[in-house]
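Worksheet: the structure to be examined is printed underneath.
Residue numbers (the numbering used here): 1436 to 1547.
Have a look at this one:
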């Protein structure tokens, strides 16, 4: 079992709407959009490394990942259709479908 906040990566196309549309960067003292995106990158590297290490050392185990933010952007199980195309969506979800941690056969999305 792995867990992390897994901050989203706020895209340059949405950074203005996210900054003005949400209080995160005004109400959290010392937290900037750059800090947020850096945390995303650091946690993504950590997650990819941990998944790779676990699937190598314990190849028969399934890996469960818990995150605060949504790791997929195009799955109706995770994103309400009313929010598809939102100009602040990158604050709530990032697309990991191309990442090693997502493609790893020991990790998968499971139906409840």
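Even glycine gets a Cβ: it sits at the ideal position worked out from N, Cα and C.
- request: Just confirm the distance between the C-beta atoms of residue 1505 and residue 1437, as a whole number of angstroms; I'd bet it's less than 8 Å.
  value: Reading the chain shown from its first residue, position 70 is the one you call residue 1505. Reading the chain shown from its first residue, position 2 is the one you call residue 1437. Actually they do not touch by this definition, with Cβ atoms about 16 Å apart.
message: I need the straight-line Cα distance from residue 1547 to residue 1455, nearest angstrom please.
response: Numbered from 1 along the chain shown, position 112 holds the residue referred to as residue 1547. Numbered from 1 along the chain shown, position 20 holds the residue referred to as residue 1455. Because the pLDDT of residue 1547 is 49, which lies under 50, any placement of that residue in the model is unreliable, and the number read from its coordinates should be weighed accordingly. Answer to the nearest angstrom: the Cα atoms are 35 Å apart.
- prompt: What separation, rounded to the nearest whole angstrom, lies between the Cα atoms of residue 1464 and residue 1513?
  reply: If you number the chain shown from 1, residue 1464 lands on position 29. If you number the chain shown from 1, residue 1513 lands on position 78. So the two alpha carbons sit approximately 30 Å from each other.
- prompt: When DSSP labels each residue in this structure, what does residue 1438 get in the three-state scheme?
  reply: Translated into positions along the chain shown, residue 1438 becomes position 3. Note: residue 1438 maps to strand in three-state DSSP.
message: Less than 8 Å between the C-beta atoms of residue 1444 and residue 1478, yes or no?
response: If you number the chain shown from 1, residue 1444 lands on position 9. If you number the chain shown from 1, residue 1478 lands on position 43. Cβ distance not < 8 Å, so residue 1444 and residue 1478 don't count as in contact.
message: Rounded to the nearest angstrom, what separates residue 1460 and residue 1492 at their Cα positions?
response: Numbered from its first residue, the chain shown carries residue 1460 at position 25. Numbered from its first residue, the chain shown carries residue 1492 at position 57. Cα to Cα, the separation comes out at about 40 Å.
message: Assuming residue 1550 is part of the beta strand (DSSP E), what are its boundary residues?
response: Lying before the first or after the last residue shown, residue 1550 is absent from the chain, which here runs from 1436 to 1547.
- prompt: Beta carbon of residue 1529, beta carbon of residue 1475: below 8 Å?
  reply: Translated into the one-based positions of the chain shown, residue 1529 becomes position 94. Translated into the one-based positions of the chain shown, residue 1475 becomes position 40. It is a contact, given that the beta carbons lie within the stated cut-off.
Same chain only: Cβ atoms within 8 Å of residue 1449, ignoring 5 sequence neighbours per side: Stepping through the chain shown from its first residue, residue 1449 is reached at position 14. 1522, 1523, 1524, 1525, 1526.
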